[in-house]
Amino acid sequence: HSTDLPVLGICRGHQLINVALGGTLWQDVSQFWETNPPAIIEHRRYRDKDGRKKRSWHRVKIAKNSLLYRIMGREVITVNSSHHQIVKDLGGELVVSAVSPDGAVEALELPDRRRFLLTVQWHPEAMDDETSAAIFSEFLKFAEKT
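Heads up: the sequence shown begins at 45 in this note's numbering, then just goes up one per residue.
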């Protein structure tokens, strides 16, 4: 946190960065659902009719004043989902930049725009779309500056 190196946290990295900065997690999605009904989003993997594991998909709403919004250029995107832990209390200076319709924290960042720290709960590296590629492009732009 004391360097200006860009940081991109994906899935467990999203959770780990939050905890490293003093935040907490719901240890299982079921705990989140108990306190945030109704459970309208499946965040975990599921098995299809042939027994193969599949990622769930859902929409997230992005805060308009966020770095993530600047990168994505829109307020709502569809993301993949395959996690069982959810950010509960925010760590350090982190702010929420995206949430799912059930209120789960899907992205975090620092409010300081001179630094790049972005975490996402989903897996943009497993998505073949321009918006996901934009996350990596922006990360690389910051990396080239350092």
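The C-beta atom is built at its ideal place from N, Cα and C for all residues, glycine as well.
Beta-bridge partners assigned by DSSP to Ala142: Ile106, Ala151.
The alpha-carbon of Asp173 is positioned some 25 Å away from that of Gln129. The region 150-184 contains, as complete beta strand (DSSP E) runs of 3+ residues, the segments 161-164 (chain order). A direct Cα-to-Cα measurement between Val164 and His58 gives close to 6 Å.
Residue pairing by DSSP puts Ile130 in a beta bridge opposite Trp70. C-alpha of Lys189 to C-alpha of Gly95: approximately 46 Å in a straight line. Per DSSP, Gly53 is not a residue of any alpha helix (DSSP H); the beta strand (DSSP E) it occupies stretches across 51-54.
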